[in-house]
Amino acid sequence: MWPRRGMGLVLAGFLRACWRSWSMMLWFGALSMGLSSGIKASRTKKVDAFTGRLLDIHSKMLEMNKREDIRLGLHRSDYMLDAETNLLFQIELNTISSSFAGLSCLVSELHRNLINHYGKDLELDSRRVPGNTVVSRYAEALAKAWNEYNNSSAVVMLVVQTEERNMYDQHWLCVVLREMHGVASIRKSLAEIDAEGQVLPDGTLIVGGQTVAVVYFRAGYSPNDYPSESEWRARLLMEQSNAIKCPSISYHLVGTKKIQQELAKPNVLERFLENENDIAKLRKCFAGLWSLDNIDVVKSAIERPELYVLKPQREGGGNNIYGDRVREILIRLQQEGSEELATYILMQRIFPTASCAYLVREGICHQDHAISELGIYGAYLRNKDKVIMNDQCGYLMRTKVSSSNEGGVAAGFAVLDGIYLT
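The structure is reproduced here in structure tokens:
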């Protein structure tokens with residue numbers, strides 16, 4: 018059964034001083050675009066079949082000398098607030114299918130409306146609920162990309178899963194795109210694109226008889242999205258076209274944990290940013306990230322597994338490894354001398370403050386101790402050397418019971434929530 022979406026009944030409190038740090042998204046947009054231009058095959062290709070297939074497609078684009086003059090990224094940077102230091106630590110950068118732009122806005126407005134009606138009784142001020150405009154800003158970014166393509170009869174194509182669980186969030190974005198910008202959209206699975214798609218000699222992507230200006234991926238981030246060669250043919254077809262990909266294959270690869278680990282290394286940020294204060298602020302938000310060829314860190318994780326998270330290249334909910342399983346897997350991989358070590362990274366585990374929360378799921382309200390995770394949405398669009406858009410667009414707050422490790426809403430681990438600045 019598909020998990021039903023839930024929501025927090027009482028907004029999650031959040032420190033105003035930490036909230037101001039959401040401006041970092043502007044730097045992450047430029048960083049992601051810069052990193053995507055330098056993606057190369059790595060030793061993860063030898064053992065991670067899924068990432069290997071993505072790298073194969075990327076290599077073919079390099080061999081073709083495929084140029085992506087117009088580049089669009091709709092991304093989300095996720096953070097947790099560390100209880101001991103009151104610092105925000107980044108735990109993930111999502112570069113493909115950053116979901117809940119539609120539903121997160123609705124939850125924010127619902128909370129604001131409830132406070133307007135019952136704020137005096139609750140002693141809450143609706144002005145402390147930050148505005149959330151991500152769905153309109155994402156629609157604006159897609160419309161601007163569509164405009165850069167310069168074909169008024171072309172459409173935006175959402176690449177969706179065959180049995181899509183999050184269709185209403187996607188539909189909300191498409192409605193705003195149509196009503197505010199007059200841009201039509203279509204929805205196709207990877208298998209449908211393989212069956213109905215073609216690339217004309219001039220690079221134009223045609224799917225179901227319609228010219229596609231922008232390909233917006235809401236699927237394709239998981240091995241489960243590629244059950245046959247049909248889906249891989251579709252991905253390659255789109256990459257070979259001159260349609261604007263959101264994201265392109267190289268931008269998708271920036272979201273892998275190994276690439277994100279590179280950001281924390283010395284002199285990497287300096288390649289993309291000049292301001293030393295900006296660089297220092299970014300480094301301060303990075304949680305500890307280590308490859309498994311760091312013997313000292315692996316030894317520490319085996320001895321104190323509760324202080325680490327073992328992360329594979331991909332996410333999507335339910336893939337991270339915690340607790341005693343961290344020790345078990347590390348010992349097994351060491352004993353086997355397995356190259357599978359290269360497909361994981363270790364991340365510092367963040368311990369946010371747990372507080373009493375009321376979580377509503379399937380119409381039933383549950384009281385529990387809960388923690389929250391903040392996501393900041395961003396949009397980055399450029400045409401050759403001209404940056405057309407680089408903005409923070411809104412936020413996502415997810416709340417889960419403190420005993421749960423994973424935090425995915427679509428995967429059934431968390432609920433959508435709002436923010437109340439304290």
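Read in order, the letters of the sequence shown correspond to residues 18 to 439 in our numbering.
Note that beta-carbon positions come from the ideal geometry of N, C-alpha and C, so glycine has one too.
Note that the structure is predicted; figures quoted are calculated from it, not measured.
By the beta-carbon neighbour count (other beta carbons within 10 angstroms, threshold 16), Q352 is exposed. Sixteen is the threshold: when 16 or more other Cβ atoms of the shown chains lie within 10 Å of the Cβ of E85, as they do, the residue is buried. When the Cα atoms are used, H134 and L127 turn out to be separated by approximately 11 Å. A check of alpha carbon separations from E256 across G30, V232 and L123 identifies V232 as the nearest. Proximity of the segment 87-101 to the segment 389-407 meets the contact definition, three or more beta-carbon pairs being nearer than 8 Å.
The C-alpha of H269 lies about 14 Å from the C-alpha of S76. In this structure I113 is buried. Its beta-carbon is surrounded by 16 or more other beta-carbon atoms within 10 angstroms.
For W39, no alpha helix (DSSP H) segment is defined, and its DSSP state is neither H nor E. Closest in alpha carbon position to I261, among I223, C302 and R250, is I223. Proximity to R321 across N337, S308, R342 and A304 peaks at R342, based on C-alpha coordinates. Runs of the alpha helix (DSSP H) lying entirely within the segment 262-312 and spanning at least 4 residues, in chain order: 266-271, 274-280 and 293-302. According to DSSP, P329 shares a beta bridge with Y361. Spanning the alpha carbons of A371 and T102 requires a straight line of approximately 15 Å.
Setting aside the 5 residues that flank it on each side, A251 is surrounded in the same chain by L207, I210 and D211, each with a C-beta closer than 6 Å to its C-beta; the list follows chain order.
Sequence-distant Cβ neighbours of S265 in its own chain, meaning closer than 6 Å and more than five residues away, are E85.
DSSP places G69 within a helical segment (H, G or I) once states are collapsed to three.
Here I203 has V172 and M174 as same chain residues with Cβ atoms under 6 Å from its own Cβ, once five neighbours each way along the sequence are excluded.
In its chain, beyond the 5 residues on either side, no residue has a beta carbon closer than 6 Å to the beta carbon of G354. Excluding sequence positions up to five before and after L413, its CB lies within less than 6 Å of the CB of F117, S121 and G392, all in the same chain and listed in chain order. Under the three-state reduction of DSSP output, N133 falls in the helix class. For L89, the closest alpha carbon among the candidates D408, D434, R399 and Y155 is that of R399. With respect to Y437, L141 sits close: the two C-beta atoms are nearer than 8 Å. Contact check for N149 and S125: beta-carbon distance about 4 Å, within the 8 Å limit, so the pair qualifies.
When the Cα atoms are used, K161 and G220 turn out to be separated by approximately 20 Å. DSSP places K316 within a helical segment (H, G or I) once states are collapsed to three.
Runs of beta strand (DSSP E) with 3 or more residues, each lying fully within the segment 78-152, are found at 87-98 and 105-111, listed in chain order. For the pair Y339 and L363, the CB atoms are not nearer than the 8 Å cut-off. In the DSSP assignment, A236 falls outside any alpha helix (DSSP H), carrying neither H nor E.
With respect to the C-alpha of L105, the residue from K403, A304 and R349 having the closest C-alpha is A304. DSSP, reduced to helix, strand and coil, places A47 within a helical segment of the structure shown. Closest option to A100, judged by alpha-carbon separation, among K274, I381, F368 and A201: F368. A straight line joining the alpha-carbon of N292 with that of L43 spans about 13 Å. In this chain, the alpha helix (DSSP H) harbouring L254 covers E246 to Q257.
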